[in-house]
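Okay, so here's the structure we're looking at.
Residue numbers (this note's numbering): 625 to 972.
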C-alpha cells in the first residue's frame with residue numbers, strides 16, 4: 625500500500641473547465657484600499673489648487689504638442705506622456721500631498737483627453753466610446769499608481785451612465801443634427817419637425833445624451849442604492865465618488881421623462897427618485913445628496929399637480945403650488961408615523 629507523506633499537502637484538484645479560476649471579492653478589494661475607500665477627505669486649499677494646477681499643465685502640454693496641425697498624433701502622444709509622468713510621480717516621489725494631488729490632476733486630465741480624442745478620431749459609436757472610457761478609468765482606479773483615487777471612479781460612473789443611456793436610448797435630435805439630415809440622402813425623423821428643449825444644444829451632444837429618461841432614472845437610482853450599501857459597510861469614500869453620477873442621472877432622467885411623457889406620470893417618477901436620494905443622503909449624513917433629493921421630490925410633486933390640473937391662470941397655478949407644498953410637507957410626517965409604528969411593533 626502506498627502511504628501519503630503528511631509533510632506535503634495534496635495537489636489542488638484541476639478545474640472542470642481546464643481554466644484557472646479567478647475569485648474576485650468586491651469587499652476584500654475595498655478593504656485592501658484602506659482609508660482611501662472609507663474616509664472622506666477633508667477639503668484642503670493646497671491640494672485643491674495643486675490638483676487644478678495639474679489639470680492646467682496637462683491641458684497646456686497636450687495643446688502644445690497638438691499645435692495647429694490637423695493631425696491628432698500630438699494629442700495622443702501628449703496625453704500618454706503626461707499620464708506617464710503623473711504615474712511616475714505617484715509611484716516614485718515622496719509623500720508630498722500637494723505633489724500627489726497635482727499628479728492626480730495630470731492623470732485624470734490626460735486619460736480623459738486621450739479617450740475623447742480616440743472616440744472622435746475613430747468616429748466610434750458615442751455610447752460604446754463612453755463605456756470604453758469608463759472601463760479605462762476603472763482600470764486606472766484598480767491598478768497601482770492611481771489606485772483608490774476616487775475621482776477616477778467618479779468619472780467612470782458618469783461615463784457608464786451616459787454610455788448605457790446613449791446605447792439604449794438612441795440619439796437626441798438637435799437642430800444641428802436635423803439640419804445635417806435635411807441635406808443628407810436618408811429619411812428625416814418626425815422629431816425634427818417638433819420643437820423640443822434640445823433645440824439649443826450643439827449637434828454633437830445628442831449622440832452622447834440619449835433620449836430615454838427611464839434609463840437614466842433606473843441607472844441613477846441603482847447608483848444611489850449602491851451608495852446606501854457602501855455607507856452601511858463603512859466605505860463612505862467610495863460611495864461619495866458615485867453620488868455625482870447618480871444625482872446627474874436622476875436630474876437628466878426626470879427632464880427627459882417630462883419632455884417625452886408630458887403628463888403627470890413623469891412627476892411621480894421624479895418624486896420617487898428624489899425620495900430615494902433624500903433617504904440615502906439622510907441615513908448616510910450626506911448634506912448635498914439630502915437637499916438634492918428633497919429638491920427633486922418637490923419639483924416632481926409640483927410637476928405632477930401642474931400636469932394633472934393644467935392651470936391656465938395665476939390663481940390656478942398658485943393653487944397647484946399650494947397643494948404641492950402641503951403634500952411635500954406631509955411626506956416627513958408620514959415617514960415619522962411609519963417609523964414610530966415600526967418601533968412600537970419591535971418593542972416587546
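Beta carbons: idealized from backbone N, C-alpha and C, even for Gly.
Excluding the 5 residues preceding and the 5 following residue i in the sequence, name in chain order all residues of the same chain whose CB lies nearer than 8 Å to its CB.
i: residue 661; result: 654, 655, 772, 859, 861 and 862
i: residue 904; result: 848, 849, 851, 852, 855, 910, 913 and 917
Just verifying my parser: in three-state terms, what is the DSSP assignment at residue i?
i: residue 671; result: helix
i: residue 859; result: coil
i: residue 657; result: coil
i: residue 761; result: helix
i: residue 907; result: helix
i: residue 717; result: coil
i: residue 824; result: Any reading at residue 824 is ruled out, since the residue's pLDDT is 47, under 50, leaving its predicted position unreliable.
i: residue 745; result: helix
i: residue 705; result: helix
i: residue 692; result: coil
i: residue 934; result: coil
i: residue 710; result: helix
i: residue 892; result: helix
i: residue 840; result: helix
i: residue 733; result: helix
i: residue 914; result: helix
i: residue 940; result: helix
i: residue 768; result: coil
Between the options, which lies nearest to residue i when the distance is taken from Cα to Cα?
i: residue 738; options: 774, 698 and 715; result: 698
i: residue 734; options: 718, 749, 761 and 844; result: 761
i: residue 746; options: 789, 719 and 696; result: 696
i: residue 674; options: 789, 665, 692 and 727; result: 727
i: residue 867; options: 857, 878, 889 and 844; result: 844
i: residue 676; options: 723, 657, 942 and 663; result: 723
i: residue 775; options: 864, 913, 906 and 946; result: 864
i: residue 949; options: 970, 927 and 748; result: 927
i: residue 777; options: 956, 736, 944 and 970; result: 736
i: residue 956; options: 906, 943, 942 and 944; result: 906
i: residue 725; options: 879, 942 and 668; result: 668
Is it the case that the Cβ atoms of residue i and residue j are separated by a distance below 9 Å?
i: residue 715; j: residue 701; result: no
i: residue 893; j: residue 881; result: yes
i: residue 968; j: residue 924; result: no
i: residue 869; j: residue 784; result: yes
i: residue 792; j: residue 837; result: no
i: residue 891; j: residue 929; result: yes
i: residue 730; j: residue 691; result: no
i: residue 786; j: residue 732; result: no
i: residue 874; j: residue 841; result: yes
i: residue 750; j: residue 741; result: no
Give every residue of the same chain whose Cβ lies closer than 7 Å to the Cβ of residue i, excluding the five residues on either side of it in the sequence, and list them in chain order.
i: residue 769; result: 711, 714 and 715
i: residue 721; result: 671
i: residue 839; result: 788, 789, 792 and 793
i: residue 916; result: 871 and 901
Rounded to a whole number of angstroms, what is the C-alpha to C-alpha distance between residue i and residue j?
i: residue 831; j: residue 790; result: Note on residue 831: pLDDT 49, under 50, position unreliable in the model; the coordinate value appears next. About 7 Å.
i: residue 921; j: residue 788; result: 25 Å
i: residue 651; j: residue 847; result: 17 Å
i: residue 936; j: residue 918; result: 27 Å
i: residue 849; j: residue 963; result: 20 Å
i: residue 909; j: residue 706; result: 37 Å
i: residue 718; j: residue 681; result: 20 Å
i: residue 763; j: residue 781; result: 13 Å
i: residue 938; j: residue 931; result: 15 Å
i: residue 856; j: residue 946; result: 37 Å
i: residue 703; j: residue 854; result: 33 Å
i: residue 940; j: residue 913; result: 32 Å
i: residue 758; j: residue 686; result: 21 Å
i: residue 683; j: residue 911; result: 33 Å
i: residue 966; j: residue 958; result: 12 Å
i: residue 827; j: residue 970; result: Its pLDDT being 47, under 50, residue 827 is placed unreliably by the model, and the measurement read from it follows with that caveat. Looking at the two C-alpha atoms, the distance is approximately 57 Å.
i: residue 952; j: residue 961; result: 15 Å
i: residue 754; j: residue 748; result: 10 Å
i: residue 709; j: residue 889; result: 51 Å
i: residue 666; j: residue 954; result: 36 Å
i: residue 756; j: residue 807; result: 32 Å
i: residue 766; j: residue 878; result: 32 Å
i: residue 664; j: residue 942; result: 42 Å
Examine chain B for any beta-carbon lying closer than 9 Å to the beta-carbon of residue i, and answer yes or no.
i: residue 962; result: Absence of chain B from the displayed structure is noted, only one protein chain being present.
Which same chain residues end up closer than 6 Å to residue i when comparing Cβ atoms and leaving out the 5 residues on each side of it in sequence?
i: residue 657; result: 772
i: residue 802; result: 816
i: residue 805; result: 812
i: residue 895; result: 921, 924 and 925
i: residue 899; result: 921
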